[in-house]
Amino acid sequence: MTIRPADLHAIPLFEGITEAHLAELIEGLERVTLAPGDVLFEAGTEPKHLWLLASGEIALEQAGEVRFRLAPIAPIGELGALTGLYRNTRAVATEASELYRIGVVALMRFFESHGDVAFPFYHNLLKIVAQKVHRDAMRQGEMRANIIRTQKAMKELRDRVLEAEETPISRAVCETLDTLIEHNRRVHYMVTPAYALSTSVRLDTGVLIPVSAMSDRYLELVSLPDAKAGDEVSFVLVIPNGEIPVSGKVRQAGEGSVLIELDLLIEEYAKKLSEHLTRVQMLDFVV
């Protein structure tokens, strides 16, 4: 199947771009065919192409489950390709499929050399991102409301169990509820530091390791040499407005992720960490 400018016009990313420019862009596309079961890309890989599905079907999988099935004409992973975010799904052809691709670098060069259509392209990209942020905010609002209701119900249930006559399982029920209530506290949620508030740890050797996620009790590092579960570790947490000496215990250690439970901090450092976490969280909040 040959992709036409009219086909691209049906994709929000290319709205407002003239057919002449789209025809020129199509000339730079590379045709790719996939057989049923062929993998287009794996989760965790760096996106280097913008893909367009012309015929067939592509399934997007997460944790081995199919989340979406794409039918033509459809872009595949356009936000990841244009922002550099690593793929978070696995894309597999479910039937014989025909696709077209263009390298991200080649696409950027095209719009650099055609400034008259670069604005509508980036405007479309911003609209797509804004709509995604809006949808994500709505879903997060629903999840937050569910968590609040669940938290309230668990506290009420715990109080009723404590007030009732003790039974062989009442202690276990209360301990389980206490654990769940504490775990669901907002301050324990992990957040990802944005580039503007880049966060890392400095080892005794002077090596800096990026922090991929953090909370008031945990740090997740992209790596930590020779770390294994149960190890006691210490280093300096480097944040934009200062440094915090921290220590803790490795809870999980795997390829690309090391989770560390932090020891209690003195009041001065705990306050500094809390202020940094608030700034990180605010970058995820759309006013």
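So the sequence shown is numbered by full-length UniProt numbering: it starts at 1 and just counts up by one.
Where a beta carbon is used, it is the ideal one built from N, C-alpha and C, also for glycine.
{"Item": "Proximal residues to residue 161 (C-beta, below 6 Å), its chain only, five neighbours per side dropped", "Value": "170, 173 and 174"}
{"Item": "Same chain only: Cβ atoms within 7 Å of residue 154, ignoring 5 sequence neighbours per side", "Value": "177, 180 and 181"}
{"Item": "Boundaries (first-last residue) of the alpha helix (DSSP H) holding residue 125", "Value": "115-163"}
{"Item": "Pairwise C-alpha distance: residue 76 and residue 367", "Value": "Residue 367 lies beyond the stretch modelled for the chain, which goes from 1 to 287, so this question has no answer here."}
{"Item": "Endpoints, the alpha helix (DSSP H) within which residue 55 is located", "Value": "Not the alpha helix (DSSP H): residue 55 falls in the beta strand (DSSP E), residues 49-55."}
{"Item": "Other residues of its chain near residue 71: CB distance less than 7 Å, five sequence neighbours each side excluded", "Value": "57"}
{"Item": "Residue 249 - partner residues in DSSP beta bridges", "Value": "232 and 261"}
{"Item": "Alpha-carbon spacing of residue 20 relative to residue 109, whole angstroms", "Value": "17 Å"}
{"Item": "At least 3 beta-carbon pairs within less than 8 Å: the region 251-271 vs the region 226-238", "Value": "yes"}
{"Item": "Through-space distance from residue 140 to residue 276, alpha-carbon basis", "Value": "22 Å"}
{"Item": "Alpha-carbon spacing of residue 286 relative to residue 144, whole angstroms", "Value": "For residue 286, the predicted model reports a pLDDT of 46, less than 50, meaning its position is unreliable; a value from the coordinates is still stated below. So the alpha carbons of these two residues sit roughly 16 Å apart."}
{"Item": "Cβ neighbour criterion (16 or more within 10 Å) applied to residue 266", "Value": "exposed"}
{"Item": "Buried or exposed by the 16-neighbour rule on C-beta atoms within 10 Å, applied to residue 78", "Value": "buried"}
{"Item": "Contacting residues, own chain, Cβ-Cβ under 7 Å from residue 272 (five flanking each side not counted)", "Value": "242 and 244"}
{"Item": "C-beta atoms of residue 99 and residue 54 nearer than 8 Å", "Value": "yes"}
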